[in-house]
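So the number in this note's numbering is just where the residue sits in the sequence shown, counting from 1, plus 13. For each residue, glycine too, the CB sits at the ideal point set by N, CA and C.
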Amino acid sequence: MITKTVNYKKLPPKEEKSKEVRIPKLYKRLYSQITNGYYKNALQTTSKLLNLEGNNDELIKTKLFLLLQLDSYNQALSLTENSSFDFEEAYTNYRLKKNTSTSSGNDRKWSILQAQLAYRQADYQSAINLYQSLLSDLDPNDDEYHDIETNLKAAKESLDFHSHGYLTAIEELNVPPLDVLESNPAPFPENYNPQNTTVDLKSTTLVDNKSQKIEKQKQKRRQEMHSKYANKNIPIDSERESPDNSLLYHTYVDPPTTTLQRIKGLTTGSLPTFIDIGNAFSGTSIEEDSLIRQLKNAHKKTAFVGDDTWMSVFPDSFDEQFPYDSFNVEDLHSVDNGVTKHIFPLIANNTDFIIGHFLGVDHVGHRVGPSHETMSSKLKQMNDVLTRVVEAIDDDTLLVVMGDHGMDSRGDHGGDSELETSAALWMYSKQKPLTNSKARTFANSLPHHQGHRTIQQIDTLPSLSLLLGLAIPFNNLGGIIPELFPIPSVLRQAQDVTSNQIWKYLKSYAKGQSGHEIKPFLQSLQQKLNLAKEAKSLEEGSYFNKDHTSYYLYSDFFNSTLQSCRSIWAQFDALLMLSGGLLLLMSLPILVGVFNRAGRNSSCDWMKVAVRDAQKAAPWALVVASFFSIALLKGKHIESIIFIICFAVELALSYAVPPLSIPKALDLFGILSHLAIFLSNSYVLWEDRVLLVILQTPILFSLVRAPYANQARMKKQLAIASALIAFTLRLMAGSTVCREELGGWCAVTFYETSSSSLSPAWVYATLIPSAIATYFVLRYSLNVSASFAGFAGIFVGGFTLSLVLGSSYWLLDLLEMKTPSYVLITIKTTLARTNILFAGVVGYTFWYVSTLCIDIKEENRQDGKREVKVLGFSNSYGAYYLLFMLPAFALMWLTNLPTGQLALFGCLIVILVFLELTDYQNDEKALDKLLKRPSKYTKKDGKMVAPPQPRPALWRSAWLAQLGYLLYYSTGHQAVLSTLQWKAAFIGFPKLTYPYAPLLVSINTLSGFILVSLAVPLLVYWKVAPKVNASQSLNTNILRAGSGFVLYNTLITLATLIAAAHFRRHLMVWKVFAPRFMLGGLALLATDATLLAAISLGASITSTKVSRVFKTTAT
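Here it is, written out as structure tokens:
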């Protein structure tokens, strides 16, 4: 062994620096740490300074500020004890929700805190008075003014709701109260001077508003993403280095935030509406005036490369075009590589106008979310391309870089949330300045967002048109970006030209068919325009006069025009809504009448009489319908014809099938409980939680009644079934996505995180086991009645294989996401297509040709005779119809994301156990009747007969409908467009393919409603044995169950329509009530169509096959 000894020289101890040296350095470090937001480090530095200087009031105040910034309220409270910091102590108690007094101060900050406390204590009127007093001496351009104005609006809304009694039920719901809006900034030290030891504390506004809390969370996410991705950012660097040549903006994007609609908005300056989102998958060419048309009219050489959506709206409009498929979200690079390949030769060829539409960032967002590391590399790639473009352009070229829309925390877009409607805009000129210092100074006083100037995105169009020397497109509604016109006279002229174009468009619109919509606003808009023109004529050649009158008046005209047009193009048509509401309302007595008649008759023969009576009533029904049409829909010919036909039919049927009785109290409980939530926007936001309570109530009632059953076996069965349903419902409800309005009160469980599009890791681990477990669940359920016989075993086995393939698709998708491979894409695409054919075509073909789930078994009795047993006889209808549901279930399984597949698995269990519970309860009632009145059910020969099969109860049909809504929420959806799972459009197809894409998204979205609609006939079929050589009341019972199911969904849709109409002026109408009405309408259409198919195909074929085997006549 070789050893080596090393002698280290001992260094002398480090000389400790004096206080006079350390204190200024520590103050300088403290200033830097607070300025850059390193509050934890600043807190340590403050503690060191306190140790060196002792109890310095300003340092203690700074430490208080830092503790409040770090949400360390208990430490802050202990620091304020026995001190003179009364306000900080009161504020800290406020944040800790402890009793606090605001009587010790009378200045502005105390008044704000008093207003917040009044709001929290539901003393809304006092809060309103205080806020109004605070606003009275503030400049409307002050940031504090907007904060307090927001709080004032919240207080007024709360007072309005409280006064009308809409929130009184919130105390019954275990959710956070509406006034928990705790995002108030802590007091901030305004001035730091590293040359001295003084730190001044600024009296800061305390904002107690939920939207502010959400904004803080979004701001934090933005800062995290910025620090992660923006190490080197050419737009930001250019703006910093060449402020006159580089302009960076935040732009507001009008919803819907889909690419097709944004292209229309950017090139025409118009406002698309949410109705346009139906064209998100396919667009038609733009016929109206546009920037592209103006370029063509001016004989400019144009070129396009990138997203092929442009080709659908501007076919053959470019001199050169290189479109790439835009809907293959699996492909993150092909479009970007294609743009990069062509754009530099186009720049070198001196093309006048080039559009390059990259898609990689958008696809990464859809594919893996904005927080994934792939986004970092994609943004770096875009920054490198942008750097090359800047180097390639000449001195006479204007570079405009923009996002057509934003994306939410999961990378999706289409809705109207702030993240989706926020996009960047960068304008850069290599040599010629775009603006000057005076224009930039003035711009600093204009609206900002997160430190950047904010503008309307459509303001880009008229500004670019004028810079290019083109006419502004005729139907433009955008204003002018003032920094681009730094010469005063030019800016005034640009605003005047733009205002003239807008006014010309408004007058033309007023003369059109829909002119009555804009006419109420014209007089006010004309007055604003006249004032602006008068101010323009009076102003001199200086950049702006003292009050900037001309600019502000023109801007007021532009903004007012936008607000007016948004209000008329995104509003309810009251008469159309009333007409639709009447049609829904008139269907209710018909459905109740059918439900009553089907329960009182043993066959459907009564329907023939009803049809004859309806024909007799048809003439006067047409007269009445025409009268209503003239009153409600004058001038709307197509709508009038549809209304007359529908309303006349409903009137005639109402006469022929009048309601005979009203539903029972038990039937009404679940219905009224669900309808009541639409009186409150808060309950609508928490509908998924409310539904769980409504669904579990009758189940828990059954559990409580189980010990009182007549037999021990029955007690056990009722208790186990009830407990299993309640437990599984709770597990289903645990899968959820959160609405933006809920802020921090909701935790996302459907996805791995709120900013991820992937499911949690444990979900992927349980996919295949859940698919296999479905086989055993079905086998056990059918074996209870010995119905796992005939072709049932083979069919359920094939069904399970389809589920395994459906789960494998998402596992391959996860693998391909982590290790991109063309081979994996090919495998999963082939797997999905094979599975669709296997489940949809092979599955239903095999079901149609297969026999009933029965087996014939012969046995020798002791007396020597042979006995024939039919296994599965007691559930001949139910078992065979259950197989009809399975192929559709397999298709829904494939189209749902991994967590949604687990929710579907839970829902299938709930449906099967609920059917067993229904059978147990029917048996218990039958036994109770036999024990109480045995003579009624005893024949003359002394033998007892079973009581007749009970009619389907309304509450059971309603319960299934409620289960459909719970499954809708559990599969990762909410009543907002942003939760649409666009991934489903590409299952089996790497790019957008019609008609499969919208069909797959529809199945994914409506799976909950489709599944429960298919299950409705099972309420009649399950555990019902055929009557050999006899008639059986099955068709009329299915009609009863189906009419009850449709009745419930119609009531829900009608209630959402009434709520949307009643709250059409409500602050949350477009956020809450209108989307919920749209969901109600879609759910009603989906359930009606599915139920019609289930009865006309599944139930019809089932009855026919059973009739052939057992000679049973279904009536």
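Using beta-carbon positions only, say whether Ile-356 and Val-414 come within less than 9 Å of one another. no
8 Å contact criterion, which Leu-519 and Lys-541 should meet: CB distance rounded: 12 Å between Cβ atoms; not a contact.
If distances are taken between C-alpha atoms only, which option among Ala-630, Asp-936, Ala-805, Gln-536 comes closest to Arg-726? Asp-936
Since Cys-759 and Ala-802 are thought to touch, with beta carbons under 8 Å apart, how far apart are those beta carbons, to the nearest angstrom? Their Cβ separation, rounded to whole angstroms, is 47 Å, which puts Cys-759 and Ala-802 out of contact at 8 Å.
Spatial neighbours of Ile-141 in its chain, beta-carbon cut-off 8 Å, leaving aside the 5 residues before and after: Leu-165, Ala-168, Lys-169, Leu-172
Residue range of the unbroken beta strand (DSSP E) whose run includes Ala-436: 435-442
Considering only C-alpha positions, which residue in the set Val-1082, Thr-1100, Leu-1064, Leu-1031 is nearest to Ser-1116? Leu-1031
Buried or exposed for Phe-1123, going by 16 or more other Cβ atoms inside 10 Å? buried
Taking the straight line between their C-alpha atoms, what separation do you get for Thr-766 and Gly-382? 10 Å
Exposed or buried, which one is Glu-33 when buried takes at least 16 other CB atoms within 10 Å? exposed
Helix, strand or coil: how does DSSP classify Pro-336 here? strand
When you compare each of Glu-404, Ile-658, Leu-372 to Tyr-424 by their alpha carbons, which one comes out closest? Looking at the sequence shown, residue 424 is not Tyr but Gly. Looking at the Cα atoms, Leu-372 is the closest of the given residues.
Going by DSSP, which residues form a beta bridge with Glu-700? DSSP output for Glu-700 lists no bridge partner at all.
Evaluate Pro-632 with the Cβ neighbour count: other Cβ atoms within 10 Å of its Cβ, from every protein chain shown; 16 or more gives buried, anything less gives exposed. exposed
Check whether the Cβ atoms of Ala-997 and Ile-1016 lie closer than 9 Å to each other. The answer is yes: Cβ separation under 9 Å.
Assign Ala-611 to one of two classes, buried (16 or more other C-beta atoms within 10 Å of its C-beta) or exposed (fewer than that). buried
Under 9 Å between C-beta atoms of Leu-915 and Leu-780: Contact: yes.
Proximity of Gly-819 and Ala-784 at Cβ, strictly below 9 Å: It is a contact, given that the beta carbons lie within the stated cut-off.
For Met-620, tell me which candidate among Leu-79, Tyr-40, Arg-1053 has the shortest Cα-Cα distance. Arg-1053
Unbroken alpha helix (DSSP H) run spanning Leu-976, endpoints: 967-983
Apply the 10 Å Cβ neighbour rule to Asp-1140 and answer buried if 16 or more other Cβ atoms are within range, or exposed otherwise. Given that the chain is displayed from residue 14 to residue 1128, the structure contains no residue 1140 and the question cannot be resolved.
Which of the three DSSP states, helix, strand or coil, is assigned to Thr-832? Reduced to three states, the DSSP call for Thr-832 is coil.
Select from Gly-891, Leu-72, Phe-812, Arg-879 the residue whose C-alpha is nearest the C-alpha of Asn-796. Gly-891
Need the endpoints of the alpha helix (DSSP H) that Val-374 sits in, please. Unbroken alpha helix (DSSP H) run through Val-374: 373-381.
Identify the continuous beta strand (DSSP E) that holds Tyr-262 and give its terminal residues. 259-265
Flag Leu-273 as yes when its Cβ comes closer than 8 Å to any non-hydrogen atom of the ligand COA, and as no otherwise. You won't find the ligand COA in this model; it holds no ligand whatsoever.
When you compare the segment 660-674 with the segment 637-645, are there three or more beta-carbon pairs, one atom per stretch, that lie closer than 8 Å? yes
Apart from the five residues just before and just after Leu-737, which ones in its own chain have a Cβ nearer than 6 Å to its Cβ? Val-926
For a quick check, are the C-beta atoms of Thr-787 and Phe-918 less than 9 Å apart? yes
Output the boundary residues of the beta strand (DSSP E) element that contains Met-415. 411-415
Apart from the five residues on each side of it in sequence, which residues of its chain come closer than 8 Å, Cβ to Cβ, to Pro-773? Thr-762, Tyr-764, Glu-765, Thr-912
Using the Cα positions of Phe-1086 and Ala-1073, report the straight-line distance between them to the nearest angstrom. 5 Å
When the Cα atoms are used, what is the spatial distance from Asp-289 to Gln-274? Unreliable placement is indicated for Asp-289, whose pLDDT of 47 sits below 50; no coordinate value is reported for it.
Thr-1063, buried or exposed, once every other Cβ within 10 Å from all chains shown has been counted against 16: A buried status is given to Thr-1063, since no fewer than 16 other beta-carbon atoms sit within 10 Å of its beta-carbon.
Locate the alpha helix (DSSP H) running through Ala-55, then write down its first and last residues. 52-66
Would Phe-851 and Gly-811 qualify as a contact pair, given that the criterion is a beta-carbon distance under 9 Å? yes
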